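Engineer: First residue of the sequence shown? That's 8 in this note's numbering, and the numbers climb one at a time after it.
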Amino acid sequence: MEKYLINPNQKLSKISKDIYGHFSEHLGRCIYEGFFVGEDSPIPNVKGMRKDVVEALRDIKIPVLRWPGGCFADEYHWKDGIGPKENRKKMINTHWGGVTEDNSFGTHEFFELCSQLGCDAYVCGNVGSGSVQEMSEWIEYITFDGTSPMADLRKENGREKPWKLKYFGVGNENWGCGGNMHPEFYADQFRRYETYVRDYDSNNHIYRIACGANEFDFNWTRVLLQKAGGRMNGLSLHYYTIPGNWHKKGKALEFSDEEYYTTIEKAYKMEELVRRHGDIMDQYDPDKRVGMIVDEWGTWYNVEEGTNPGFLYQQNTMRDAIVAGLTLNIFNKYSDRVKMANIAQTINVLQSVALTDGEDMLLTPTYFVFKMYKEHQENTLLGSFITTPKISEKGKLPKLIESASVDENGVIYSTVVNTSIDEGAEIHCQIADFAVSEITAEILTSDVRAYNSFENKNAVRIKEFNDFEITNDGFKTNIPPCSVVKFVIK
Ligand code: AHR
């Protein structure tokens, strides 16, 4: 029997709702077809945005959306995406399939989408191939409420009032597709570009995010903090879970048990990454003023057969749900430093929460994890600990990964992931100084290879979970293998 201790007296950090954020790029069928079908489409839409997708994302309380990239951000010129659609420039999307980008989805459409979703906007600017002036004018166009060349242009294009811009990224992956820069060079570029990201609205400070490290590049984090730490609000981190390697990543639907454990073990690396980059951040920023922004994370497999290799379209199984569940528990646990995270990418690309096919849409197992975890948003993290065997070959992967939080009414939410394919886990949960009067629970579980298809959209679904018993100090339960369980404790 494993011991699970939750301490409601140990109130730790606030879990920012933005940890549950999403990422959408002009890549494959994420923006076009996924979110945006145009007003004339037979697919039900409001101002061109798919109704089914918007409704599904509102249902999981999507807090923030990152756009327009990704690699696309550093070759995007925002003025190509405003004004009458027929006059908008067409460009080649060189990173993603070499397809024609007609710029019919631009700044106005993005803010319309955020407003329909009820979420905050996170815009990523172009450092790699854009100018300081271009970036500065974009900020003026979006946020200035007065008379100026860019505010007037916005008004000419039909938008009188400025929008609220909460987050702005100064470039993306500038160590790679965003210009192949060295950290010292990028740190100076960040200082220069960021200078002209003006706060036109004195009531709204734009949260400036510097391009951060790829995976284990700790030197990048160190140099950025040394040289530009004082000028940034957030520093990003990118990490993808790839079961194989960049050339042979592995398939989304067909994988051996061994490949499953490799995937989960690699996903669990997120704990080490957040901890070690966080330790470096602590050296330069002991008060934790600078947020860690994990603005790209998720699984990355071979594309589905017969689809454009540049579109990164992949299916999503219970394995992905386990990855999502454990990763979000890690972010909760490190919410003193992790202030935002954005799964890549919302629709039809990489670890998506929804897939579309014409007017059809399905929700993936990953979607249901976001649905189960949504109550953690803005809660207070509680001190918690679980005893657990280590189950992978290298002995590093815990079988059980949990987090617990409390809301303003004193209700406790605990999410537990059992990463084992075939072994359940008996748990005795003790909650300090807390008399349990009621527990409700939900579970997402299935065969590890189960997935939702357009033929069977309900193969993986959240179900009520009743296999627990209230005790005088907490509760006892048996967590099934390959599952994500949420307990709501009153
Ligand atoms: O999400 C796909 C790509 O992965 C992004 O465009 C880029 O930032 C990262 O390398």
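Glycine included, every Cβ here is placed at the ideal spot set by N, Cα and C. Computed from a prediction, not measured in an experiment: that's the story for all the values here.
When you compare the region 426-433 with the region 476-494, are there three or more beta-carbon pairs, one atom per stretch, that lie closer than 8 Å?
Structural biologist: yes
Engineer: Just to confirm the assignment: which complete alpha helix (DSSP H) runs, minimum length 4, are found wholly within the region 316-386?
Structural biologist: 325-340, 372-380
Engineer: Residue 145 lies in the alpha helix (DSSP H); which residues open and close that run?
Structural biologist: By 1-based counting over the sequence shown, the position of residue 145 is 138. Here the alpha helix (DSSP H) through residue 145 covers 139-150.
Engineer: Can you check which of these residues, 112, 417, 166, is closest to residue 440 by C-alpha distance?
Structural biologist: Position 433 of the sequence shown holds residue 440. Ranking the options by Cα distance to residue 440, first place goes to 417.
Engineer: Any heavy atom of the ligand AHR inside 7 Å of the beta-carbon of residue 321?
Structural biologist: Counted from its first residue, the sequence shown places residue 321 at position 314. For residue 321, the shortest C-beta to heavy atom distance toward the ligand AHR is 7 Å or greater.
Engineer: Are the Cβ atoms of residue 334 and residue 37 separated by less than 8 Å?
Structural biologist: Here residue 334 refers to the residue found at position 327 of the sequence shown. Here residue 37 refers to the residue found at position 30 of the sequence shown. Going by C-beta atoms, residue 334 is not nearer than 8 Å to residue 37.
Engineer: Note the first and the last residue of the continuous beta strand (DSSP E) segment covering residue 302.
Structural biologist: For the purposes of this step, residue 302 is taken as residue 295 along the sequence shown, with counting starting at 1. For residue 302, the enclosing beta strand (DSSP E) starts and ends at 298-306.
Engineer: Helix or strand or just coil, what does DSSP make of residue 127?
Structural biologist: Numbered from 1 along the sequence shown, position 120 holds the residue referred to as residue 127. In this structure, residue 127 counts as strand in the three-state DSSP scheme.
Engineer: Report the CB separation of residue 178 from residue 132 in whole angstroms; it is logged as a contact under 8 Å.
Structural biologist: Position 171 of the sequence shown, counted from the first residue, corresponds to residue 178. Position 125 of the sequence shown, counted from the first residue, corresponds to residue 132. Yes, they are in contact, since the Cβ atoms of residue 178 and residue 132 sit about 7 Å apart, within 8 Å.
Engineer: Which whole-angstrom value is the C-beta distance of residue 151 and residue 142, which I expect to be below 8 Å?
Structural biologist: The count along the sequence shown starts at 1 and reaches residue 151 at position 144. The count along the sequence shown starts at 1 and reaches residue 142 at position 135. The distance from the Cβ of residue 151 to that of residue 142 is about 14 Å, inconsistent with a contact at the 8 Å cut-off.
Engineer: Measure the Cβ-Cβ separation of residue 437 and residue 120 and say whether it is below 8 Å.
Structural biologist: Along the sequence shown, one-based indexing puts residue 437 at 430. Along the sequence shown, one-based indexing puts residue 120 at 113. Result no, Cβ atoms of residue 437 and residue 120 do not sit closer than 8 Å.
Engineer: Below 7 Å, is the gap between the Cβ of residue 79 and the nearest heavy atom of the ligand AHR?
Structural biologist: Taking the first residue of the sequence shown as 1, we reach residue 79 at position 72. The answer is yes for residue 79.
Engineer: Could you tell me if residue 270 is buried or exposed, where buried requires 16 or more neighbouring beta carbons within 10 angstroms of its beta carbon?
Structural biologist: Residue 270 sits at position 263 when you count from the first residue of the sequence shown. Buried, since its Cβ has 16 or more Cβ neighbours within 10 Å.
Engineer: Please report the straight-line C-alpha distance between residue 285 and residue 415, rounded to a whole angstrom.
Structural biologist: Sequence index remark: in the sequence shown, residue 285 carries index 278 (1-based). Sequence index remark: in the sequence shown, residue 415 carries index 408 (1-based). The straight-line gap from Cα to Cα measures roughly 28 Å.
Engineer: Indicate whether residue 74 and residue 130 have their beta-carbon atoms separated by less than 8 Å.
Structural biologist: Numbered from 1 along the sequence shown, position 67 holds the residue referred to as residue 74. Numbered from 1 along the sequence shown, position 123 holds the residue referred to as residue 130. In contact: residue 74 and residue 130 (Cβ atoms closer than 8 Å).
Engineer: Please report the residue range of the beta strand (DSSP E) in which residue 108 lies.
Structural biologist: Your numbering for residue 108 matches position 101 in the sequence shown. Its beta strand (DSSP E) spans residues 106-108.
Engineer: Given a threshold of 16 other Cβ atoms within 10 Å of its Cβ, counted over all protein chains shown, does residue 482 qualify as buried or as exposed?
Structural biologist: Within the sequence shown, the letter at position 475 stands for residue 482. So residue 482 counts as buried.
Engineer: Going along the chain, which unbroken runs of the beta strand (DSSP E) with 3 or more residues stay wholly within the region 57-124?
Structural biologist: 71-74, 98-100, 106-108
Engineer: Taking the alpha-carbon of residue 20 as reference, which of 340, 362, 480 has the nearest alpha-carbon?
Structural biologist: Along the sequence shown, read from residue 1 onward, the residue named residue 20 stands at position 13. Residue 20 has its Cα closest to that of 340, out of 340, 362, 480.
Engineer: Could you check if residue 303 belongs to the surroundings of the ligand ATP, using beta carbon to heavy atom distance under 7 Å?
Structural biologist: In the structure shown, the ligand ATP is absent; the only ligands present are the ligand AHR.
Engineer: Does the ligand AHR have even one heavy atom less than 7 Å from the beta-carbon of residue 196?
Structural biologist: By one-based count along the sequence shown, residue 196 stands at place 189. Taking the Cβ of residue 196 as the reference point, every heavy atom of the ligand AHR lies at 7 Å or farther away.
Engineer: Report back the beta-carbon spacing between residue 433 and residue 422 to the nearest angstrom; my notes put them in contact at under 8 Å.
Structural biologist: The residue given as residue 433 occupies position 426 in the sequence shown. The residue given as residue 422 occupies position 415 in the sequence shown. With a Cβ gap of about 18 Å, residue 433 and residue 422 do not count as contacting.
Engineer: Work out the CA separation of residue 297 and residue 332 for me, nearest whole Å.
Structural biologist: Against the sequence shown, residue 332 aligns to sequence position 325. Against the sequence shown, residue 297 aligns to sequence position 290. Answer to the nearest angstrom: the Cα atoms are 25 Å apart.
Engineer: For the ligand AHR, is there a heavy atom less than 7 Å away from the beta-carbon of residue 245?
Structural biologist: As a first step, residue 245 must be located in the sequence shown, where it is residue number 238. Yes, since a heavy atom of the ligand AHR falls inside the 7 Å radius drawn around the Cβ of residue 245.
Engineer: Considering only C-alpha positions, which residue in the set 456, 407, 348 is nearest to residue 70?
Structural biologist: By one-based count along the sequence shown, residue 70 stands at place 63. It is 348 whose Cα lies nearest to the Cα of residue 70.
Engineer: If contacts are defined as beta-carbon pairs under 8 Å, then residue 324 and residue 457 qualify, I think. What distance do you get, rounded to the angstrom?
Structural biologist: Locating residue 324 in the sequence shown gives position 317, counting from the first residue. Locating residue 457 in the sequence shown gives position 450, counting from the first residue. About 6 Å separates the beta carbon of residue 324 from that of residue 457, a gap short enough to meet the 8 Å contact definition.
Engineer: Measure from the C-beta of residue 47 to each C-beta in chain C and report whether the shortest distance is under 8 Å.
Structural biologist: Given the protein chain composition of this structure (a single chain), no chain C is represented.
Engineer: Count Cβ pairs between the region 227-247 and the region 265-284 that sit closer than 8 Å; are there 3 or more?
Structural biologist: yes
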